[in-house]
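Counting in my numbering, the sequence shown runs from 13 upward without gaps.
Here the structure is laid out as structure tokens; the discussion comes afterwards.
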Amino acid sequence: MGVKAEALTGGFSDAVFDSQRVFKKLMDGMARPGTPQTIETAVAPPAPLATATGAVLLALCDHDTPLWLSSTLRKTAVPGWVGFHTGAIATEEKGAAQFAVIEAGSTIASFGLFAQGSQEYPDRSTTVIIELPDLDGGQELSLSGPGIRHINIISPSGLPEIFPRLWAENNAIFPRGVDVILTCADKFVCLPRTTRIKSVEA
13 MGVKAEALTG
23 GFSDAVFDSQ
33 RVFKKLMDGM
43 ARPGTPQTIE
53 TAVAPPAPLA
63 TATGAVLLAL
73 CDHDTPLWLS
83 STLRKTAVPG
93 WVGFHTGAIA
103 TEEKGAAQFA
113 VIEAGSTIAS
123 FGLFAQGSQE
133 YPDRSTTVII
143 ELPDLDGGQE
153 LSLSGPGIRH
163 INIISPSGLP
173 EIFPRLWAEN
183 NAIFPRGVDV
193 ILTCADKFVC
203 LPRTTRIKSV
213 EA
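The structure is reproduced here in structure tokens:
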């Protein structure tokens with residue numbers, strides 16, 4: 013299948029109903045940070061985009077949504093697919109993006125270049141979707157904060173070792189800062205900016 017043809021297929025079969033189902037999962041994920049969510053809606057984004065990432069973008073993006081994609085994704089059918097199904101506008105400026113997608117294996121050096129919002133409008137920030145090879149089997153991280161009764165432990169595989177430090181920097185500018193969604197295959201985990209993250213010592 014050619015790149016153009018690939019961009020036309022694999023979207024929601026019922027855009028309104030399917031978007032609502034995915035949006036409900038996202039709201040539950042943000043309300044309960046670190047709790048794995050599974051996409052149960054049929055969606056087939058072009059490779060290498062994960063099913064969960066594709067579903068989230070279809071549910072949240074529209075023609076007013078600036079979307080930043082990391083370099084590898086820009087060279088695939090992904091920009092055309094998202095654009096066709098949502099009307100989202102591609103941007104190469106991290107600071108202009110409402111949503112951003114970083115494919116598995118990419119370097120994550122800082123969240124500071126993405127939109128941080130303002131004290132008056134903290135919601136005007138980027139939601140960063142980070143694709144990973146697995147949501148288990150990596151360094152254990154303890155999560156605490158709103159929506160977590162005591163401590164929640166996650167062990168995503170593929171995050172850089174400096175991720176807890178990068179996240180602490182993100183916490184430090186609250187209420188500004190980015191929110192993050194970790195995805196793999198048909199699953200995702202939400203990390204809102206209110207969540208505190210620490211490495212679990214072995």
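Built from N, CA and C at the ideal position, the CB exists for glycine as well.
Alpha-carbon to alpha-carbon, residue j and residue i
i: Ala27; j: Val55; result: 11 Å
i: Arg136; j: Glu213; result: 35 Å
i: Asp30; j: Val68; result: 11 Å
i: Met13; j: Pro91; result: Any reading at Met13 must be qualified, since the residue scores a pLDDT of 48, below 50, and its modelled position is unreliable; no value is offered.
i: Thr195; j: His75; result: 23 Å
i: Ala64; j: Ser25; result: 16 Å
i: Thr50; j: Asp191; result: 19 Å
i: Glu52; j: Lys199; result: 9 Å
i: Gly41; j: Cys73; result: 18 Å
i: Leu85; j: Phe186; result: 30 Å
i: Glu181; j: Glu152; result: 19 Å
i: Gln110; j: Thr47; result: 23 Å
i: Ile163; j: Ala43; result: 14 Å
i: Gly36; j: Leu20; result: Per the sequence shown, residue 36 should be read as Lys rather than Gly. The alpha-carbon atoms of Lys36 and Leu20 are separated by roughly 25 Å.
Under 9 Å between C-beta atoms of residue i and residue j
i: Glu105; j: Pro78; result: yes
i: Val34; j: Ala89; result: no
i: Ser82; j: Ser118; result: yes
i: Pro176; j: Ser130; result: no
i: Ile209; j: Cys202; result: no
i: Arg161; j: Asn183; result: no
i: Gly157; j: Pro57; result: no
Distance between beta carbons of residue j and residue i, contact taken as under 8 Å
i: Asp146; j: Gly170; result: 7 Å
i: Ala121; j: Thr138; result: With a Cβ gap of about 15 Å, Ala121 and Thr138 do not count as contacting.
i: Ala197; j: Ala59; result: The Cβ separation is near 12 Å, so there is no contact.
i: Ser154; j: Ile165; result: 6 Å
Pick from the options that is closest to residue i, judged by C-alpha positions
i: Pro172; options: Ile141, Ala197, Gly150; result: Gly150
i: Gly22; options: Ile160, Val94, Thr84, Ile120; result: Val94
i: Glu132; options: Pro204, Ala184, Arg188; result: Arg188
i: Trp179; options: Gly159, Thr207, Ile163, Glu152; result: Thr207
i: Trp80; options: Ile163, Ala102, Lys87; result: Ala102
i: Glu143; options: Gly66, Gln32, Leu38, Gly159; result: Gly66
Cβ contact check for the stretch 117-132 and the stretch 93-104: 3 or more pairs under 8 Å
no
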